[in-house]
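In the numbering used here, the protein residues as written are 518 to 783.
A virtual CB, placed ideally from N, CA and C, is assigned to each residue, including glycine.
Computed from a prediction, not measured in an experiment: that's the story for all the values here.
Reviewing the structure listed below.
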Amino acid sequence: MKMKILKDFPSPREFFIETPLYHTVNLKGYDVKKAFEIEYFDETIDSHCIECDRQGVFRGKSSHYMNLHAYQPNYLDDGEFEVVLNCTRNNDHSMHFYFVKRKGLLLKVGQTPSLADLATSDIEKYRKVLGNKYSEFTRAIGLAANGIGIGSYSYFRRVFYDLIDRAHERAGDDLISKEEFQTLKVKDKIKTLKDYLPKVMVKNANIYSILSIGIHELDEEECIKYYKTLKTGIELILDEEIHRIEHEIKTKEITDEIGRISGNLK
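Right, dumping it as structure tokens:
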């Protein structure tokens, strides 16, 4: 896989949990402390624990100790190192990250669990609301985890558009015929269905245009740069959709039960 040089030096959490493999930073020109904080990480970060199957806190466990003063003279030397993070709930649960330093470059070459596993571990709740589009949502996340931003945007856009189609089905042809609906631009479809779509989706309808621009005009690195924001936006839309569905189910249940009780009391 082609090595990609990052424009900015990521924080430890960004490098461990969010940065795909074979992404690198040029150590030259950066504060030595940034490289030290990666190689000898001993702080805590929040992340999903695959084995606990819940969100947790992980603490770094450096394989050996070195202070910053001793590290400074040779931090550009070639070498390899592993960073281990242990779950504070169960010390036997751990994450491992592997790096190499070559010619002044710091390169992420491996990790377990994979970025895709970490990224998709907390989205199971969306399976019911997405239906057959759930696999496309997970593909989007998996592709981004491997640095493929354009492909990720393509799947996100399909998920976004499917929500619009479903809203039109609920609204029915009385609101607007299927033929007329298909002629509208996406932004106009959203305006037309504003009472049937999640409010956060109506307010942030330009997510669709950003995804389209990403697919046709941006490179992989630019797509990955905006990926996290777009993913969060889509998750908020799905959260609101889950709430709507749950509200409808509860409303029907309580209406049926009240009717039953009323019938019994007559």
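- Segment contact: the region 693-709 against the region 765-773, fewer than three CB-CB distances shorter than 8 Å; contact not assigned.
- Using a Cβ distance threshold of 8 Å, Lys-625 and Asn-603 do not count as a contacting pair.
- Under the three-pair Cβ rule at 8 Å, the region 668-679 counts as touching the region 639-658.
- Between Val-601 and Ile-759, the CB-CB gap reaches or exceeds 8 Å.
- Distance from Ile-751 to Gly-666 at the Cβ level is roughly 15 Å; contact not present, criterion being Cβ atoms closer than 8 Å.
- Here Phe-532 has Ile-555 and Lys-625 as same chain residues with Cβ atoms under 7 Å from its own Cβ, once five neighbours each way along the sequence are excluded.
- Going by C-alpha positions, Gly-776 is about 10 Å away from Leu-782.
- Cα atoms of Phe-575 and Ser-611: separation of roughly 8 Å, rounded to the nearest angstrom.
- Gly-627 has its alpha-carbon roughly 9 Å from the corresponding atom of Glu-599.
- If you look at Phe-698, you'll find it in the alpha helix (DSSP H) that goes 695-700.
- Annotation for Leu-523: no beta strand (DSSP E) segment contains it, and DSSP assigns it neither H nor E.
- Collapsing the DSSP output to three states places Ser-631 in coil.
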